[in-house]
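Asker: Submitted below is the structure of interest, expressed as structure tokens.
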Amino acid sequence: MQLITRYLMPVAIVALALGAGGARADWTFVMLGDTRGERDTTATGVSLYLPNIAQKIASLNPELVLVCGDLVNGNDVPTDSVLTNYSLQFDYWKAAMQPVFNYAAGTGSPIYPVRGNHENCDHEGPTVHHLKEAYYDAFKAYVPTNGPSYSSSNDKVGFSYSFTHSNVTFAVADQYFYYDQTPTVTGYYELARSWVVDQFQQTNSPYKVFMAHEPIFNTEHSTPGGFFGDSAEGLQTRTDFWNELGTNGVQLYLTGHIHNETVASTTNAFGDTIIQLLAGNGGAALEGMGTASEPSANVLYSNDTQYGFALATVGDTSMTINYYLLNPADETWSQASYSTTLFAIPEPSSALLFAAGVLLLRRLAINSRRAPRAPGV
Numbered sequence: 003m004q005l006i007t008r009y010l011m012p013v014a015i016v017a018l019a020l021g022a023g024g025a026r027a028d029w030t031f032v033m034l035g036d037t038r039g040e041r042d043t044t045a046t047g048v049s050l051y052l053p054n055i056a057q058k059i060a061s062l063n064p065e066l067v068l069v070c071g072d073l074v075n076g077n078d079v080p081t082d083s084v085l086t087n088y089s090l091q092f093d094y095w096k097a098a099m100q101p102v103f104n105y106a107a108g109t110g111s112p113i114y115p116v117r118g119n120h121e122n123c124d125h126e127g128p129t130v131h132h133l134k135e136a137y138y139d140a141f142k143a144y145v146p147t148n149g150p151s152y153s154s155s156n157d158k159v160g161f162s163y164s165f166t167h168s169n170v171t172f173a174v175a176d177q178y179f180y181y182d183q184t185p186t187v188t189g190y191y192e193l194a195r196s197w198v199v200d201q202f203q204q205t206n207s208p209y210k211v212f213m214a215h216e217p218i219f220n221t222e223h224s225t226p227g228g229f230f231g232d233s234a235e236g237l238q239t240r241t242d243f244w245n246e247l248g249t250n251g252v253q254l255y256l257t258g259h260i261h262n263e264t265v266a267s268t269t270n271a272f273g274d275t276i277i278q279l280l281a282g283n284g285g286a287a288l289e290g291m292g293t294a295s296e297p298s299a300n301v302l303y304s305n306d307t308q309y310g311f312a313l314a315t316v317g318d319t320s321m322t323i324n325y326y327l328l329n330p331a332d333e334t335w336s337q338a339s340y341s342t343t344l345f346a347i348p349e350p351s352s353a354l355l356f357a358a359g360v361l362l363l364r365r366l367a368i369n370s371r372r373a374p375r376a377p378g379v
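So for the sequence shown, the working numbering puts the first residue at 3; every next one is plus one.
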């Protein structure tokens with residue numbers, strides 16, 4: 003009996019250490035993007051629908067909110083507009099979102115944004131530095147400061163970041179640091195891929211979410227492509243990146259840029275499914291669905307007639323995403339009949355417990371057999 007107790011007590015301690023915490027209560031977070039106004043009519047740089055959207059989000063009391071870029075018009079305003087003082091646009095955006103989070107008081111549901119092209123250069127040309135600085139000044143105090151810093155000219159702190167909330171790890175990547183000046187293909191086609199992958203490798207969260215502004219898969223027409231471009235090199239970069247994300251447990255890519263709501267299923271070379279959730283219906287003028295999607299993106303749901311946002315409810319075993327819809331004609335709310343379900347990737351505690359217990363028992367048994375016995379024992 004003493005031998006059994008001596009062997010099993012350490013295993014019980016391991017079980018308590020690895021299994022501590024028990025079941026978590028369900029919690030929610032919101033996803034939306036492209037909340038900007040219209041160039042020729044906006045007085046704020048912000049969609050006229052955003053205050054209504056913010057009120058609805060606040061009524062659901064999520065624990066956090068993700069905003070996947072194009073918060074404001076940025077430099078897409080008339081040259082004689084007072085909104086060329088870009089900080090004003092972010093002030094107006096914060097005011098519209100005050101029901102969700104009060105930036106002055108620091109109360110409410112925290113908001114985690116990322117830049118879109120309208121916070122960099124609306125036509126995807128070289129960075130408008132005053133605009134970039136205005137964004138940084140507006141949000142630097144409200145996001146984690148763990149982004150990569152490679153040099154003074156390539157410092158992503160305050161622009162890219164990661165964090166874990168409860169059982170979900172989020173990595174947020176700014177796509178507007180690497181301007182390609184090659185004639186005929188000028189634009190942005192790269193991000194800090196290694197840093198993003200590292201954020202997910204370092205955690206065992208059962209859910210992992212990646213957010214950036216531009217879609218990585220094309221759901222507008224059948225030509226393969228997206229943020230990394232449609233060249234052979236770009237498509238290979240996408241394949242490699244998607245393989246790394248999937249093998250490290252990423253199941254959801256939140257993006258915007260196109261002004262509709264589209265949910266597409268993608269699969270990497272190892273059979274891992276990653277959902278691309280395009281949440282571009284946050285208030286900017288809606289854009290119709292394209293003619294088709296590329297073969298690698300299986301569209302599961304689309305909405306190009308109503309504004310709104312997505313609400314994820316996170317449980318121990320699954321995450322369910324529902325889609326809240328604002329009818330622009332009468333500004334009434336409804337909920338889509340479609341929902342997305344992601345299943346938790348089990349944390350390694352059970353496997354570790356079993357392996358640690360077995361190894362511990364074996365080691366103790368071997369040591370017990372080898373240990374010299376005192377006379378009379």
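From the three backbone atoms N, C-alpha and C, an ideal C-beta is built for every residue, glycine too.
(1) I'd like the ranges of any alpha helix (DSSP H) spanning at least 4 consecutive residues and lying wholly in the stretch 197-264.
(2) Looking at N270: is its Cβ nearer than 9 Å to the Cβ of T249?
(3) Which residues in the same chain have their Cβ closer than 6 Å to the Cβ of E121, if we skip the five residues on either side of it in sequence?
(4) Round the Cβ separation of N245 and F272 to the nearest angstrom and send it over; I've been treating them as touching at under 8 Å.
(5) Near D82, what residues of its chain come up, given a Cβ to Cβ distance below 8 Å and the 5 sequence neighbours on each side ignored?
(6) Any idea if A72 is buried or exposed, counting beta-carbon neighbours within 10 angstroms, 16 or more meaning buried?
(7) Could you tell me how far apart the beta carbons of Y209 and A346 are, in whole angstroms, since I believe they sit closer than 8 Å?
(8) Is it buried or exposed for Y152, if we count other Cβ within 10 angstroms and need 16 for buried?
(9) State whether the stretch 276-286 contacts the stretch 229-239, with contact taken as three or more CB pairs (one from each stretch) at a distance under 8 Å.
(10) Can you tell me where the beta strand (DSSP E) with I55 in it begins and where it stops?
(11) Determine the burial state of N369: buried for a count of at least 16 other Cβ atoms within 10 Å of its Cβ, exposed for fewer.
(12) Examine the Cβ distances between the stretch 158-167 and the stretch 87-100 and report whether three or more of them are shorter than 8 Å.
(13) Skipping 5 residues on each side, what residues in its chain have a beta carbon closer than 8 Å to that of A60?
(14) Cα separation between Y325 and A312?
(15) Quick one: give me the first and last residue of the beta strand (DSSP E) that A314 is part of.
(16) Does S89 come out as helix, strand or coil in the three-state DSSP assignment?
(17) Please state if the CB of T322 and the CB of T343 are separated by a distance shorter than 9 Å.
(18) Alpha carbon to alpha carbon, how far is P226 from G108? Give it in angstroms, no decimals.
(19) Using the rule of at least 16 other Cβ atoms within 10 Å of the residue's Cβ for burial, across every protein chain shown, is D176 buried or exposed?
(20) L327: which of T319, D318, P185 and Q337 sits nearest, CA to CA?
(21) To the nearest angstrom, report how far apart L302 and V84 are at their CA atoms.
Answerer: By the coordinates alone:
(1) 234-249
(2) yes
(3) G76 and Y137
(4) 6 Å
(5) none
(6) The question names Ala, yet the displayed sequence has Asp at residue 72. It counts as buried.
(7) 6 Å
(8) exposed
(9) no
(10) Not the beta strand (DSSP E): I55 falls in the alpha helix (DSSP H), residues L52 to L62.
(11) A caution first: N369 carries a pLDDT of 49, below 50, which makes its placement in the model too unreliable to give a value.
(12) Output reads no: the stretch 87-100 does not touch the stretch 158-167.
(13) P101, V102, G110 and S111
(14) Taking the straight line from one Cα to the other gives about 5 Å.
(15) Y309 to V316
(16) Under the three-state reduction of DSSP output, S89 falls in the helix class.
(17) yes
(18) 43 Å
(19) Result: buried.
(20) Ranking T319, D318, P185 and Q337 by Cα distance to L327 puts Q337 first.
(21) 42 Å
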